[in-house]
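In this note's numbering, the protein residues as written are 379 to 541.
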């Protein structure tokens, strides 16, 4: 994808598992483009309003994380920088940059697949999303389709190391 929502998903799907499966599809698309397979979708009222995979390699941009790209799409779709009544689904625990963007966008709920033991900022290394001094604290749920999300990343990096 190139930052635009090109895939139409059913409007009434709402389970965390189903939405994480959609984020995994975005991650696989990112991998097909040679990027780290991380995907994100943002949902409001059961409808996917944004979907993206990592595009750091494609854009040559260190900020082109799946979450940031999805937040930009959702902001455009909703016509403002605040994203009330939304849930962000992402295959990997957000990093500090993405956690900051989540807070700034006022996303009320974050669901991630697997923890990031090297750069996670949703409770593993840092807990930016629960930082008491910040003005927004989303509900956070980790571990949804953890095995699938972790396997996708492990296989990607194993293939890179073997080259």
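Note that the Cβ used here is the ideal one computed from N, Cα and C, for glycine as well.
Computed from a prediction, not measured in an experiment: that's the story for all the values here.
What does the alpha-carbon distance come out to for the pair residue i and residue j?
i	j	result
residue 429	residue 480	15 Å
residue 402	residue 415	8 Å
residue 466	residue 540	33 Å
residue 454	residue 464	14 Å
Please state if the CB of residue j and the CB of residue i are separated by a distance shorter than 8 Å.
i	j	result
residue 487	residue 462	no
residue 397	residue 421	yes
Which term fits residue i, buried or exposed, when burial requires 16 or more other beta carbons within 10 angstroms of its beta carbon?
i	result
residue 457	exposed
residue 492	buried
residue 533	exposed
residue 535	exposed
residue 543	Within the shown structure, residues of the chain are numbered from 379 to 541, placing residue 543 beyond reach of any answer.
Grab me the residues of residue i's own chain with a C-beta within less than 8 Å of its C-beta, minus the 5 sequence neighbours each way, in chain order.
i	result
residue 395	522, 523
residue 507	472, 477, 480, 481, 488, 499, 500, 501, 515, 516, 518
residue 495	502, 503
Whose C-beta lies closer than 6 Å to the C-beta of residue i among residues of the same chain, with five residues either side of it excluded?
i	result
residue 483	449, 461
**Prompt:** Which runs of the alpha helix (DSSP H), 4 residues or longer, sit entirely within the segment 382-447?
**Reply:** 394-410, 434-437
**Message:** Ignoring anything shorter than 4 residues, give me the alpha helix (DSSP H) runs that lie fully in the segment 467-521, in order along the chain.
**Reply:** 474-482
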